[in-house]
Amino acid sequence: WQCTISIPDIMASRARRAALVVLAELMVHCHAYLTPSSLPLCTVAALNPFSPSLLAAHALRRDRSSGASTLCMVETVEGVAKNLEAVRTRIGELSAKCGIKEPRLVAVSKLQPDQLIVDAHAAGQKCFGENYVKELVGKAPGLPADIEWHFIGMLQSNKAKTLVSGVPNLAVVESVHSAKTASALEKACVGAGRTQKLKVMIQVLTSGEESKSGCDPEECTVIAQHIKDDCPLLELVGLMTIGKFGDPNPEPYFQVLKQCRARVAQSLGVAEDALELSMGMSGDYDKAIVAGSTSVRVGTSIFGLRPPKSS
């Protein structure tokens with residue numbers, strides 16, 4: 015749930031800070047966003063003195079577009095490391111039970127503060143996923159150079175140049191949904207003087223939702239052939255999908271992606287296991303692993319609730 019709290023500007027700064035800490039404590043227990051609607055621009059970043067064991071940091075951010083202020087909860091290094099270890103343990107247990115190799119873990123860090131990414135990196139995480147070109151290009155230069163960035167969001171062809179030139183350690187673009195997008199990435203790699211092939215995945219729309227990006231399952235072989243024949247600086251390494259949000263039964267979407275992989279592998283003359291399956295997120299990565307995922311994308315289970323996009 016969400017609630018809005020108004021705090022008069024006439025409150026003394028000490029009282030205002032105390033009120034914010036109390037609200038932050040409530041937020042930790044309720045896992046909710048609190049949006050103070052009438053606070054002056056300020057920043058609060060401190061451990062909650064009432065419950066230091068919670069290890070929660072709280073930041074009051076100003077919405078640059080509307081001027082609103084939003085109180086958000088983020089984890090400290092201990093919290094991120096603990097969550098990361100829990101996810102890794104679960105992945106290991108499921109993989110062992112299924113008798114398969116552990117899938118890659120991509121930590122989805124979109125909209126998260128840079129410090130949390132640094133914390134996760136310090137805990138041994140190397141692969142991170144981002145959804146927005148502008149955000150990734152802005153944050154990548156200030157973060158560890160050995161991070162392997164996976165771009166997993168909708169990619170417009172006219173943003174390919176910005177993405178490739180702005181992120182030298184871009185490892186994979188998982189959201190190629192058309193031959194046009196592949197060609198734009200190829201051209202961007204040439205323009206950036208990139209010598210190492212850029213790994214890409216074909217994003218397949220398995221749920222049929224118009225709100226999601228991705229090619230129709232019937233189109234994946236055509237896109238794959240185009241990448242092989244016309245994009246020498248791209249390396250097709252697999253297929254990706256996003257299941258229908260909130261569907262408690264994501265297995266049908268995973269099966270569609272596996273069928274697409276089989277057709278692409280046959281078309282290219284390669285073994286099926288030479289192509290990855292990127293499927294499974296925080297809410298369904300356990301089922302995705304059972305279904306054969308080789309790469310899972312997990313965000314909130316590691317970093318907690320993410321701030322609103324506009325903040």
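Counting from 15, one number per residue, gives the positions in the sequence shown under the numbering used here. Here a beta-carbon is modelled for each residue, glycine too, at the ideal position from N, C-alpha and C. None of the values given here were measured: they were computed from a predicted structure.
- Look at the beta carbons and you see the stretch 141-152 not touching the stretch 200-217: under three pairs across the two are nearer than 8 angstroms.
- Each residue's CA atom was taken as its position, placing Ala100 and Phe317 some 12 angstroms apart.
- Under the 8 angstroms Cβ criterion, the stretch 284-302 counts as touching the stretch 248-261, having at least three qualifying pairs.
- In the structure shown, Ile216 adopts extended strand secondary structure according to DSSP, grouped into three states.
- Sequence-distant Cβ neighbours of Ser296 in its own chain, meaning closer than 7 angstroms and more than five residues away, are Val312, Gly313, Thr314, Ser315.
- Looking only at Lys213, Cys234, Lys226, Arg118, the smallest Cα-Cα distance to Ala279 is reached by Cys234.
- A direct Cα-Cα distance of roughly 15 angstroms separates Lys140 from Gln129.
- For His191, the three-state secondary structure derived from DSSP is coil.
- The closest CA to that of Cys229, considering only Cys203, Leu248, Ser192, is found on Ser192.
- The C-beta separation of Cys274 from Pro246 comes to about 23 angstroms, leaving the pair out of contact by the 8 angstroms criterion.
- The shortest CA-to-CA distance from Lys201 to any of Val178, Asn183, Gln210, Ser189 is the one to Val178.
- Where Phe142 is concerned, there is no enclosing alpha helix (DSSP H), although the beta strand (DSSP E) around it starts and stops at 141-144.
- Scanning the stretch 281-325 from its first residue to its last, the whole alpha helix (DSSP H) runs of 4-plus residues come out as 299-305, 314-317.
- Inclusion of Arg104 and Asp300 in the CB contact set at 8 angstroms is warranted, their separation being smaller than that value.
- Assigned with DSSP and collapsed to three states, Cys245 falls in coil, not helix or strand.
- Assignment of Gly257 by DSSP, reduced to helix, strand and coil, places it in the coil class.
- Between Met293 and Ser281 the beta-carbon gap is near 20 angstroms, outside 8 angstroms, which marks them as no contact.
- Gly93 counts as buried, since at least 16 other C-beta atoms from the protein chains shown sit within 10 angstroms of its C-beta.
- Rounded to whole angstroms, the separation of the alpha carbons of Lys272 and Asp244 is 25 angstroms.
- Here the alpha carbon of Gly260 sits roughly 20 angstroms from the alpha carbon of Pro321.
- Between Val187 and Ser309, the CB-CB gap reaches or exceeds 8 angstroms.
- For Glu149, the enclosing alpha helix (DSSP H) stretches over residues 147-153.
- Around the C-beta of Thr195, 16 or more other C-beta atoms lie within 10 Å, and the residue is accordingly described as buried.
- For a cut-off of 8 angstroms, the C-beta gap from Gly167 to Asn145 is around 3 angstroms, short enough to register as a contact.
- Exclusion of the five residues before and after Ala185 leaves Glu162, Trp163, His164, Lys213 as the residues of its chain whose Cβ lies within less than 7 angstroms of its Cβ.
- For the pair Ala206 and Asn183, the CB atoms are not nearer than the 8 angstroms cut-off.
- According to DSSP, Leu271 shares a beta bridge with no other residue.
- Taking the C-beta atoms as reference points, Ile131 is found no nearer than 8 angstroms to Leu169.
- The continuous alpha helix (DSSP H) containing Ala134 extends over residues 128-136.
- Residue pairing by DSSP puts Gly252 in a beta bridge opposite Met215, Glu290.
- Arg208 carries a coil assignment under DSSP once its states are collapsed to helix, strand and coil.
- With a beta-carbon spacing of about 21 angstroms, Leu98 and Val304 fall beyond the 8 angstroms limit used to define contacts.
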